[in-house]
Amino acid sequence: MSQLFSHNYNSINIANSFNFSALDDEAKILAWLSPLEPWIRHRDIGAERVDGIGAWLLETREFRRWHDAPREDESNHATLFCDGNPGVGKSYIM
Amino acid sequence: MVLLIGCDNSSLVIDKLCDEAREGDIAVMCFYFDFAARNEQSPVNMLGSLLRQFVSGPGGIPEVVVQDFQKQRKGIGGRGLQVSGILKMFQAIAATKRTFICVDALDECVPEHRVVVLESLRQILQGSPNTRLFMTGRPQVRSEVEKTLDGAVAFRSIQTEDGVVRYLCDKLKNDTTPEAMSSALKAEIMKTIPEMNSETYVEPSAKDKLPWVGG
Chain A
376 MSQLFSHNYN SINIANSFNF SALDDEAKIL AWLSPLEPWI RHRDIGAERV
426 DGIGAWLLET REFRRWHDAP REDESNHATL FCDGNPGVGK SYIM
Chain B
105 MVLLIGCDNS SLVIDKLCDE AREGDIAVMC FYFDFAARNE QSPVNMLGSL
155 LRQFVSGPGG IPEVVVQDFQ KQRKGIGGRG LQVSGILKMF QAIAATKRTF
205 ICVDALDECV PEHRVVVLES LRQILQGSPN TRLFMTGRPQ VRSEVEKTLD
255 GAVAFRSIQT EDGVVRYLCD KLKNDTTPEA MSSALKAEIM KTIPEMNSET
305 YVEPSAKDKL PWVGG
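Set out below in structure tokens:
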């Protein structure tokens with residue numbers, strides 16, 4: 376990653392205000408944050424998924440409380456963890 | 105509004121959240137752990153990926169991120185990005201926004217990375233009261249999640265039957281002779297088979313033949 380940026384080092388005008396609106400600069404910052412692209416996996420899973428599978432989850436009390444209730448309410452959990460054995464389709468409910 | 109890239113695809117929880125994000129100031133991010141990609145999916149890259157999705161919205165990249173990027177360019181060698189730096193940026197920009205983080209297959213994150221990731225997520229939740237975390241994983245990591253997140257976790261078990269339904273839907277949809285089966289028979293199949301003992305469908309000898317195994 377350092378090599379990616381090192382040869383462009385002098386092209387940045389640091390004295391200027393932080394105006395990084397140019398698309399190529401934004402792309403460099405995004406690549407610096409992470410080289411990973413999880414949306415590709417998301418797209419692949421979406422292509423395999425059958426509509427309606429796991430829809431029951433959205434109606435459960437656990438999901439509704441996690442999604443709807445204000446955090447200030449101490450009885451509410453900020454995290455919902457759905458566990459299941461291999462093959463039950465956990466990825467498809469994401 | 106911040107939308108996850110690829111939000112238009114079919115999914116369940118993310119789809120629902122993205123629909124809501126289109127109407128309000130909501131950020132939705134996701135990450136899929138994959139054991140085969142364990143070397144690339146370090147805590148820095150994973151957390152950086154969440155932050156990357158957060159700042160990819162139409163509002164442009166927040167100044168705090170731009171400044172940190174500029175600072176690392178002044179340094180010599182290395183990417184200059186650390187977990188602590190990501191958390192700092194995250195909390196600077198996510199403190200007030202309603203934010204949803206979705207993480208799949210936590211069990212596929214190697215244990216030494218998982219400790220760091222869970223602790224980092226805990227810190228994000230602590231510093232951003234409007235953030236919600238949705239995760240999936242095998243039951244064996246459940247206690248780890250509960251311990252790190254200090255009990256502030258709701259649990260829901262996913263049952264085998266849902267995978268059976270998906271498999272049946274796939275098979276019926278791709279039936280090469282659909283005219284040979286009446287709609288009544290299809291309905292009966294969809295009703296009866298999922299009600300049978302799920303062990304019928306997950307015994308070891310059958311697992312290799314079932315396409316949903318591994319999800």
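Going down the list, the sequences are from chains A and B.
What the first sequence shows, in this note's numbering, is residues 376 to 469, in sequence order.
What the second sequence shows, in this note's numbering, is residues 105 to 319, in sequence order.
Note that beta-carbon positions come from the ideal geometry of N, C-alpha and C, so glycine has one too.
C-beta atoms of residue i and residue j nearer than 9 Å
{"i": "F259(B)", "j": "D211(B)", "result": "no"}
{"i": "L411(A)", "j": "Q186(B)", "result": "no"}
{"i": "M150(B)", "j": "T203(B)", "result": "no"}
{"i": "F238(B)", "j": "T454(A)", "result": "yes"}
{"i": "A190(B)", "j": "V148(B)", "result": "Note that residue 190(B) is Ile in the sequence shown, not Ala. Yes, the pair counts as a contact, with Cβ atoms nearer than the cut-off."}
{"i": "D154(B)", "j": "I205(B)", "result": "Per the sequence shown, residue 154(B) should be read as Leu rather than Asp. Their beta carbons are under 9 Å apart, which means L154(B) touches I205(B) by this criterion."}
{"i": "S160(B)", "j": "G421(A)", "result": "no"}
{"i": "D458(A)", "j": "G241(B)", "result": "yes"}
{"i": "A199(B)", "j": "P233(B)", "result": "yes"}
{"i": "P243(B)", "j": "S261(B)", "result": "yes"}
{"i": "V249(B)", "j": "R142(B)", "result": "no"}
Residue i (DSSP reduced to helix, strand or coil)
{"i": "T252(B)", "result": "helix"}
{"i": "S381(A)", "result": "At S381(A), the pLDDT of 36 sits below 50, so the modelled position is not reliable; the number obtained from the coordinates is stated separately. Three-state DSSP puts S381(A) in a helix."}
{"i": "L237(B)", "result": "strand"}
{"i": "C273(B)", "result": "helix"}
{"i": "D400(A)", "result": "helix"}
{"i": "C457(A)", "result": "strand"}
{"i": "A406(A)", "result": "helix"}
{"i": "V257(B)", "result": "strand"}
{"i": "R416(A)", "result": "helix"}
{"i": "A149(B)", "result": "It should be noted that the sequence gives Asn, not Ala, for residue 149(B). Correct three-state label for N149(B): helix."}
{"i": "G520(A)", "result": "The requested residue 520(A) does not occur in the structure, where chain A is confined to residues 376 to 469."}
{"i": "S386(A)", "result": "Caution applies to S386(A), whose pLDDT of 40 falls short of 50 and renders its modelled position unreliable; the model cannot decide the point."}
{"i": "E144(B)", "result": "coil"}
{"i": "M285(B)", "result": "coil"}
{"i": "C213(B)", "result": "coil"}
Residues that residue i bridges to, as DSSP identifies them
{"i": "M133(B)", "result": "I205(B)"}
Margin query: Under 7 Å, CB to CB, which of the residues in the stretch 161 to 173 of chain B have a partner in chain A?
Written below: G164, I165, E167, V169, V170, Q171, F173
Next item on the list: Check each residue of the stretch 230 to 242 of chain B: if its Cβ is closer than 8 Å to any Cβ of chain A, include it; give the result in chain order.
Entry: When CB distances to chain A are screened at a threshold of 8 Å, the residues of the stretch 230 to 242 of chain B falling below it are P233, N234, T235, R236, L237, F238, M239, T240, G241, R242, in chain order.
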